[in-house]
Amino acid sequence: MTYTESDIVPTVERLAGQDVAALTQEQLDGIDQFHAGGPQAVDRLLPGLRLGRGMTALDVGSGLGGPARQIARTTGCDVVGVDITASYVAAAVELTRGAGLADRVTFLHTPLTGLPRADFDAALTMHVQMNVRDKRAFYAGIAARLRPGGRLAVFEVCRTGSTPPPLPLPWSLDGTDSFLPTAGELRRSIQAAGFDLVEWSDDTAWTTAWFADLGRRLATAPPPVSLPALLTDGPTRMLNYAIALTSGTLTVHRGTFTAPGTP
Ligand SMILES: C[S@@+](CC[C@H](N)C(=O)[O-])C[C@H]1O[C@@H](n2cnc3c(N)ncnc32)[C@H](O)[C@@H]1O
Numbered sequence: 001m002t003y004t005e006s007d008i009v010p011t012v013e014r015l016a017g018q019d020v021a022a023l024t025q026e027q028l029d030g031i032d033q034f035h036a037g038g039p040q041a042v043d044r045l046l047p048g049l050r051l052g053r054g055m056t057a058l059d060v061g062s063g064l065g066g067p068a069r070q071i072a073r074t075t076g077c078d079v080v081g082v083d084i085t086a087s088y089v090a091a092a093v094e095l096t097r098g099a100g101l102a103d104r105v106t107f108l109h110t111p112l113t114g115l116p117r118a119d120f121d122a123a124l125t126m127h128v129q130m131n132v133r134d135k136r137a138f139y140a141g142i143a144a145r146l147r148p149g150g151r152l153a154v155f156e157v158c159r160t161g162s163t164p165p166p167l168p169l170p171w172s173l174d175g176t177d178s179f180l181p182t183a184g185e186l187r188r189s190i191q192a193a194g195f196d197l198v199e200w201s202d203d204t205a206w207t208t209a210w211f212a213d214l215g216r217r218l219a220t221a222p223p224p225v226s227l228p229a230l231l232t233d234g235p236t237r238m239l240n241y242a243i244a245l246t247s248g249t250l251t252v253h254r255g256t257f258t259a260p261g262t263p
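Okay, so the sequence shown: first residue is 1 according to the UniProt record's numbering, each after it adds one.
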């Protein structure tokens, strides 16, 4: 089991020496965006999602809720996040209350199968499917919850070949819960789930540049608390991930798709 951290908000407040509601957006971005690329990665997904006021997005594997809150702030839409890690959902709810977004951004501790809705305007997964063995069933579950023609955006980690990346990784401590596809396998799984492809992009170079910039920023002005400090073996996991991207063992791919049916 990889995602075992609990009492996340009290830990953030202890390390930061202040209430989470008092943290700046930049400080929060370093804590609640559990993927490479930070808030800039979410920005890259937004045009494809085509969200606006009055719409509702579904964030599957919403983690601590950083992407969901950013999408709600930026587009004016509502967001529902689902995640199977109870302590992450609890932290996401608390951080959302602190951000004053609780009326528009909600989080549920449930697998997708526990969500009885089929009317979402758009959905996203960011750094989630690496933990999912049956990717076709996972994305079919998302397709079933979108309105006809609804958008799906993914920002996901893939392998390039059979060389295993160094462990531990952000999504897996020992490798037993890591099911990395190649980029082609992931794209085909999503299409086999019923989605039509709109855009497919290798964002590895962009992501490695983001990691390099992050390293420079952390060395120059280390924040009192950041995501790696909250995670079991956090710094090693982040470093191994960055090394695997730089050495060509892993890639990050971004995709946009449309759900079956005419809008
Ligand atoms: C690396 S974190 C990414 C969190 C968030 N998407 C982000 O980018 O900030 C992966 C998250 O996916 C969740 N997760 C893994 N498998 C899942 C599944 N089958 N259904 C829902 N959530 C899942 C984990 O609990 C964890 O919160």
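In this text, a Cβ means the ideal position worked out from N, Cα and C, and glycines have one as well.
The stretch 48-58 touching the stretch 24-34, judged by at least three CB pairs closer than 8 Å | The answer is no - the stretch 24-34 does not touch the stretch 48-58, with fewer than three Cβ pairs under 8 Å.
Beta-carbon spacing of R151, T75 below 8 Å = In this structure, T75 does not lie closer than 8 Å to R151 by Cβ.
Contacts around P224, its chain only, beta-carbon distance under 7 Å, and the 5 residues preceding and following it disregarded | If we look at P224 and ignore the five residues flanking it on each side, its Cβ neighbours are L15, A16, G17.
How far does the alpha helix (DSSP H) with T74 in it reach, from first residue to last?
-> Per DSSP, T74 belongs to the alpha helix (DSSP H) from 66-75.
Contact test: N131 Cβ vs ligand 1 heavy atom, cutoff 7 Å = It does: the Cβ of N131 is within 7 Å (strictly closer) of some heavy atom of ligand 1.
Around the Cβ of G149, are there at least 16 other Cβ atoms within 10 angstroms (buried) or fewer (exposed)?
-> Exposed, because fewer than 16 other Cβ atoms sit within 10 Å of the Cβ of G149.
Do you know offhand how far A242's Cα is from V89's?
-> Using only the alpha carbons, I get a separation of about 26 Å.
State buried or exposed for P111, treating a residue as buried only when at least 16 other CB atoms are found within 10 Å of its CB.
-> Label assigned to P111: exposed.
Close Cβ partners of A122 (< 6 Å) along its chain, the five nearest in sequence each way excluded = For A122, where only same-chain residues beyond five positions count, the Cβ hits under 6 Å are L49, L51, A57, G150, R151.
Cutoff 6 Å; reference D29; Cβ partners in own chain excluding five residues on either side = These residues qualify, in order along the chain: G38, P39.
Within the present structure, is the beta-carbon of S62 separated from the nearest heavy atom of ligand 1 by less than 7 Å?
-> For S62, the shortest separation between its Cβ and any heavy atom of ligand 1 lies below 7 Å.
Give the DSSP-derived three-state secondary structure of R147 in the structure shown.
-> If DSSP states are grouped into helix, strand and coil, R147 belongs with the strands.
Could you tell me whether any non-hydrogen atom of ligand 1 is closer than 7 Å to the CB of P170?
-> Yes, the beta carbon of P170 sits closer than 7 Å to at least one heavy atom of ligand 1.
Tell me, which residues are paired with A57 by DSSP?
-> Beta-bridge partners assigned by DSSP to A57: V79, A122.
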